[in-house]
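Protein chains: 2
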Amino acid sequence: MRTEPLHLVFSALEWGADRRPKYLQLYDHIRQAILNGQLRSGEQLPPSRVLAIQLGVSRTTVMQAYGHLESEGYLGGHTGSGTYVSEQVPGRLALSGLSLADGPLASDGPLLSERGRAAAGFQAGGWPKAQNLRPFRPGVPALWDFPFSAWFRLMGRQSRSLGFEAFGYGDAAGYMPLRRALAMYLRQSRGVRCEPEQVIIVHGTQQALALSCQLLLDPGDSAWIEDPGYNGAKEAMHLMGVRPIPVPLGREGISVEAGMKAGPEARLAYVTPSHQYPTGVVMSLGRRLELLEWAARQSAWILEDDYDSEYRYSGKPLAALQGIGREGRAVYLGTFSKVLFPALRMGYIVAPPALAEPFQRAKAFTDRGNSILEQATLAAYLEEGHLERHLRRMRLLYKERQEALIHWSEKLLGDRLRIFPSDTGLHAVGWLPEHSDDRQVAAQLMEAGVTASPLSGYTQQYRQPPGLVLGYAPYREEQIRDALERMAGVLEQLPA
Amino acid sequence: MRTEPLHLVFSALEWGADRRPKYLQLYDHIRQAILNGQLRSGEQLPPSRVLAIQLGVSRTTVMQAYGHLESEGYLGGHTGSGTYVSEQVPGRLALSGLSLADGPLASDGPLLSERGRAAAGFQAGGWPKAQNLRPFRPGVPALWDFPFSAWFRLMGRQSRSLGFEAFGYGDAAGYMPLRRALAMYLRQSRGVRCEPEQVIIVHGTQQALALSCQLLLDPGDSAWIEDPGYNGAKEAMHLMGVRPIPVPLGREGISVEAGMKAGPEARLAYVTPSHQYPTGVVMSLGRRLELLEWAARQSAWILEDDYDSEYRYSGKPLAALQGIGREGRAVYLGTFSKVLFPALRMGYIVAPPALAEPFQRAKAFTDRGNSILEQATLAAYLEEGHLERHLRRMRLLYKERQEALIHWSEKLLGDRLRIFPSDTGLHAVGWLPEHSDDRQVAAQLMEAGVTASPLSGYTQQYRQPPGLVLGYAPYREEQIRDALERMAGVLEQLPA
Chain A
231 MRTEPLHLVF SALEWGADRR PKYLQLYDHI RQAILNGQLR SGEQLPPSRV LAIQLGVSRT
291 TVMQAYGHLE SEGYLGGHTG SGTYVSEQVP GRLALSGLSL ADGPLASDGP LLSERGRAAA
351 GFQAGGWPKA QNLRPFRPGV PALWDFPFSA WFRLMGRQSR SLGFEAFGYG DAAGYMPLRR
411 ALAMYLRQSR GVRCEPEQVI IVHGTQQALA LSCQLLLDPG DSAWIEDPGY NGAKEAMHLM
471 GVRPIPVPLG REGISVEAGM KAGPEARLAY VTPSHQYPTG VVMSLGRRLE LLEWAARQSA
531 WILEDDYDSE YRYSGKPLAA LQGIGREGRA VYLGTFSKVL FPALRMGYIV APPALAEPFQ
591 RAKAFTDRGN SILEQATLAA YLEEGHLERH LRRMRLLYKE RQEALIHWSE KLLGDRLRIF
651 PSDTGLHAVG WLPEHSDDRQ VAAQLMEAGV TASPLSGYTQ QYRQPPGLVL GYAPYREEQI
711 RDALERMAGV LEQLPA
Chain B
231 MRTEPLHLVF SALEWGADRR PKYLQLYDHI RQAILNGQLR SGEQLPPSRV LAIQLGVSRT
291 TVMQAYGHLE SEGYLGGHTG SGTYVSEQVP GRLALSGLSL ADGPLASDGP LLSERGRAAA
351 GFQAGGWPKA QNLRPFRPGV PALWDFPFSA WFRLMGRQSR SLGFEAFGYG DAAGYMPLRR
411 ALAMYLRQSR GVRCEPEQVI IVHGTQQALA LSCQLLLDPG DSAWIEDPGY NGAKEAMHLM
471 GVRPIPVPLG REGISVEAGM KAGPEARLAY VTPSHQYPTG VVMSLGRRLE LLEWAARQSA
531 WILEDDYDSE YRYSGKPLAA LQGIGREGRA VYLGTFSKVL FPALRMGYIV APPALAEPFQ
591 RAKAFTDRGN SILEQATLAA YLEEGHLERH LRRMRLLYKE RQEALIHWSE KLLGDRLRIF
651 PSDTGLHAVG WLPEHSDDRQ VAAQLMEAGV TASPLSGYTQ QYRQPPGLVL GYAPYREEQI
711 RDALERMAGV LEQLPA
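Protein chains in written order, with this note's numbering: chain A, 231 to 726; chain B, 231 to 726.
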């Protein structure tokens with residue numbers, strides 16, 4: 231039976247660069263030999279004294295390794311004297327012909343589920359990494375201007391005032407004082423109809439999207455997405471087995487008419503009415519009503535993503551679509567990624583009253599809720615008026631930065647980049663000359679040290695004029711000017 | 231057309247208890263009247279001066295409300311003089327016969343998706359709430375003995391040393407220093423084979439379960455679960471459209487033989503090999519190998535939930551099942567809910583190498599990653615040896631508490647409750663007299679001020695002898711003794 235003499239099993243052991251204790255290395259080596267079939271059931275191992283001498287280690291080391299293997303069932307009853315490979319192991323291994331310690335993943339079929347493959351088929355990345363935070367990477371607020379020290383002081387205070395029990399399992403739908411504060415904030419500032427019980431605290435918009443698709447749609451169902459639009463919505467849908475149907479935009483927002491043609495069976499529409507992502511179009515009242523009527527007629531859902539509505543630079547923000555109809559067909563999503571900072575990973579769902587409990591449960595079954603300390607800190611941040619003050623400051627700052635972007639763009643780039651002033655948001659679209667290729671321009675800019683997302687990266691099916699999505703919120707005027715100067719160098723070479 | 235004269239629209243306005251500014255109340259009232267169809271397209275509103283007198287408010291209030299309605303598109307172009315209801319709104323409303331402002335959710339079909347209904351069908355609750363943390367509620371570690379002040383100090387330090395950019399969007403799979411520290415910890419203490427890239431930081435075991443089911447299984451696929459077992463696994467599966475197949479346990483752990491009969495098509499097995507939840511059975515080496523062989527033959531997956539393996543009171547913990555085979559069919563799940571505290575909501579997946587990237591993406595598409603600050607704090611906690619020290623302290627404490635439970639149970643309850651000592655865990659099973667009904671006993675205990683989870687609450691299909699799952703980790707000896715005294719009062723009344 232044996233292919234190699236016993237001493238060869240041990241002579242192959244190299245202590246080498248391994249920093250683990252020797253007894254662990256020996257344990258591992260013997261275990262592998264058993265699983266490989268080099269050591270077989272019933273076979274006797276060398277006495278610890280003998281092996282210790284052979285390997286040049288202390289007898290204790292060998293005894294520790296043997297003891298450990300015994301406690302795990304690899305070595306068994308020393309009848310009288312001697313240590314033997316356990317009867318538990320190898321018969322079966324030999325029988326099945328499978329060597330558990332060998333080789334790569336053997337599989338006839340695909341490794342992932344269908345929905346897993348659909349999701350994995352996407353380009354990873356696609357969302358901004360903090361490491362490369364330079365103009366004009368979009369999606370990030372002014373991290374350098376966030377009052378972190380005040381935030382962490384508040385966190386420290388909350389950490390001392392929460393009782394021990396708060397650090398056990400809490401309400402998966404969220405910390406009640408936060409849900410109360412949020413409900414009041416959303417009623418007052420966004421015209422959202424809601425009670426605290428309808429508010430579900432989640433880990434950002436992405437989770438809100440994933441949870442909503444999961445709870446409201448079945449695999450194979452279809453849903454409208456704005457085209458161009460937020461790629462994260464598409465990703466969440468694919469992961470949930472839902473089929474996204476791109477619907478074109480008009481000047482008033484998503485075209486309900488086109489949607490009914492492209493996806494007459496759709497069960498949901500994902501929209502960004504306050505400030506369409508990324509074009510900035512504000513959905514008109516008429517279009518909002520049309521969409522609500524469609525949802526009511528079709529028994530479909532509207533996912534209203536209000537991701538940056540807090541940043542409106544003139545006038546009061548438009549009220550949320552959710553607040554218009556009493557039909558309860560709109561699920562409202564919000565995030566603190568733009569208002570505070572992305573790495574907080576905190577957002578919320580306002581579920582229609584009829585869905586509040588199912589959403590609470592779905593959140594519980596998904597991850598049992600958010601971390602308590604950050605929820606408690608955020609509750610205090612809202613209750614004590616810090617959020618309002620921060621938003622007031624940021625509105626001024628972002629407005630200035632948008633103005634700087636437009637001013638320097640006109641000055642340095644003239645007609646080669648046209649940016650229209652907007653009342654809202656953290657980014658703007660810069661339109662390129664008609665026949666340019668925005669992906670190619672973005673690639674050239676990247677080499678020149680400027681990040682700019684090509685608008686075509688947000689489109690699915692409906693071609694847009696070439697453009698660049700330019701985040702301006704986190705960058706100082708000098709940075710903006712410097713980046714536009716580099717951009718001028720690149721755009722000058724474009725055919726006019 | 232009109233059903234009521236214009237002045238009636240406004241006479242219905244009651245300022246009453248509403249604390250919002252009057253202009254907002256007026257705005258809301260007019261908006262509702264438009265959406266209700268009380269005010270129709272093209273209809274003229276009273277001049278602001280007139281309405282102000284009628285309502286007894288300042289003219290500014292009315293003008294603010296009008297202005298706001300105009301900016302949202304409800305009121306439109308005053309041709310010459312006067313304010314009119316916009317043309318955008320009501321035609322369509324009248325046509326469709328739908329009143330957007332009316333009534334409850336009208337729907338022909340069910341509100342939720344099939345998977346949503348499957349998940350919502352469960353009893354909510356079922357996991358411990360911190361509010362009722364009293365003996366013997368299981369699943370919670372010794373919160374009162376956790377060194378929160380050291381933890382928060384570390385958090386404060388990390389908050390000051392992380393750069394601003396760290397608070398943007400980071401790596402969705404987790405903060406790399408934490409993944410590195412965890413990989414090292416798991417290799418050394420649990421025998422898990424892994425590189426940092428295989429470690430995905432998630433929001434606790436529940437998310438690890440949900441993500442794994444989502445990525446590896448399709449709706450309609452089936453998966454083995456231990457019976458009795460962890461209810462959270464069943465919940466996650468239902469939410470993902472996966473069919474859980476209960477498989478009975480033997481003395482060596484889950485019965486692979488019975489599993490192959492009950493669910494021959496299963497694509498996954500969810501197991502707790504180190505310390506079966508809730509019975510405490512340790513899966514034998516032979517059974518582990520059998521399960522690994524089944525997975526390899528079947529191209530199925532093993533989800534190894536190692537939820538409390540750190541708490542072994544004598545000897546070294548058994549190595550993880552994941553470390554046995556090189557086949558890469560085991561996905562390893564761990565949590566910090568038992569080791570640190572549940573409200574941290576932090577756990578991890580160790581994906582097989584071939585699945586590391588798909589898991590990273592799935593986490594990104596699900597929620598874009600965990601909060602940075604707690605990850606950075608945890609990384610330092612591991613790197614600086616705090617975790618090891620805390621675990622050493624807790625092992626001693628929990629061992630003492632288990633001994634106290636057994637000691638006082640024998641003394642006060644004798645044969646009416648039999649608890650077998652265990653080398654591991656945060657809870658034990660107390661076996662009741664043969665013919666008792668554990669749910670009924672638990673209900674009586676609840677009234678007597680003692681929480682005890684009936685074992686039958688963890689079973690699906692295979693009847694167990696009556697028992698109670700008794701958490702002991704967070705309770706002091708006096709609390710344990712007191713609870714057992716109350717229990718004695720209840721159990722004495724049981725028929726012998």
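Note that beta-carbon positions come from the ideal geometry of N, C-alpha and C, so glycine has one too.
query	result
Length-filtered (3 minimum) beta strand (DSSP E) runs lying within the stretch 373-453 of chain B	429-432
Per-residue contacts from B:I430 into chain A (C-beta, under 9 Å)	Near B:I430 there are no residues of chain A at all, since even the closest Cβ is about 13 Å away, more than 9 Å.
Extent of the continuous alpha helix (DSSP H) to which B:W638 belongs	616-643
Buried or exposed by the 16-neighbour rule on C-beta atoms within 10 Å, applied to A:N362	exposed
Helix, strand or coil at B:Q552 [DSSP, three-state]	helix
Nearest-angstrom beta carbon gap, B:L563 and B:D535 [assumed within contact, 8 Å]	5 Å
Where the beta strand (DSSP E) containing A:H657 begins and where it ends	657-661
Nearest to B:V477 (by Cα), restricted to the options B:N461, B:I455, B:E465	B:I455
Whether B:D653 touches B:R518 by CB criterion (7 Å)	no
Beta-carbon gap between B:H505 and B:G655 smaller than 7 Å	yes
A:A242, buried or exposed, once every other Cβ within 10 Å from all chains shown has been counted against 16	exposed
Nearest neighbour of A:G421, chosen from B:R669, B:A703, B:Q262 [CA to CA]	B:Q262
C-beta contact flag for A:A438 and A:G577 at 7 Å	yes
Nonlocal neighbours in the same chain, by C-beta distance under 6 Å from A:L635, ignoring five residues either side	Y702, I710
Exposure of A:L714, with buried meaning 16 or more beta-carbon neighbours within 10 Å	buried
Classification of A:L265 by the beta-carbon crowding that lies within 10 angstroms, buried from 16 upward	buried
The stretch 442-460 of chain A in contact with the stretch 492-504 of chain A per 3-pair CB rule at 8 Å	yes
Counterpart residues of A:G697 in DSSP-defined beta bridges	A:W661
Cα-Cα separation, A:M414 to A:H433	20 Å
Assigned secondary structure, A:L574 (DSSP; H/G/I helix, E/B strand, else coil)	helix
Own chain, CB closer than 8 Å to B:A331, minus 5 neighbours either side, in chain order	In this prediction, B:A331 has a pLDDT of 45, which is less than 50 and means its spatial position is unreliable; what the coordinates show is noted afterwards. For B:A331, where only same-chain residues beyond five positions count, the Cβ hits under 8 Å are Q262, L265, N266.
B:P358 versus A:R669: straight-line alpha-carbon distance, rounded	Low local confidence applies: a pLDDT of 43 at B:P358 is under 50, so the model's placement there is unreliable, with the coordinate-based value given in what follows. Straight-line Cα distance between these residues: approximately 52 Å.
Per DSSP, cross-strand counterpart(s) of B:W531	B:L498
Nearest-angstrom Cα separation, counted from B:D457 out to B:Q691	7 Å
7 Å Cβ cutoff, B:P727 in contact with chain A	Outside the shown range of chain B, which is 231 to 726, sits residue 727 of chain B, and nothing can be said about it.
Coil, strand or helix - A:E677 by DSSP	helix
As assigned by DSSP and simplified to three states, the class of A:L563	strand
Member of B:T435, B:L685, B:L469 whose CA lies at the smallest distance from the CA of A:L446	B:L469
Residue span of the alpha helix (DSSP H) that contains B:L469, given as start and end	461-469
Chain B contact residues for A:R250, given Cβ-Cβ distances below 9 Å	R417, Q418
Buried versus exposed, by CB contacts within 10 Å (16 or more), B:P368	buried
Within chain B, partners of A:S539 - CB distance below 7 Å	Neighbours of A:S539 on chain B: none; closest Cβ ~13 Å, over 7 Å.
Paired residues, beta bridge with A:F366 - DSSP	A:G701
Counted within 10 angstroms of its Cβ, other Cβ atoms place B:S544 as buried (16 or more) or exposed	exposed
Contacts around B:L603, its chain only, beta-carbon distance under 8 Å, and the 5 residues preceding and following it disregarded	M385, Q388, S389, L392
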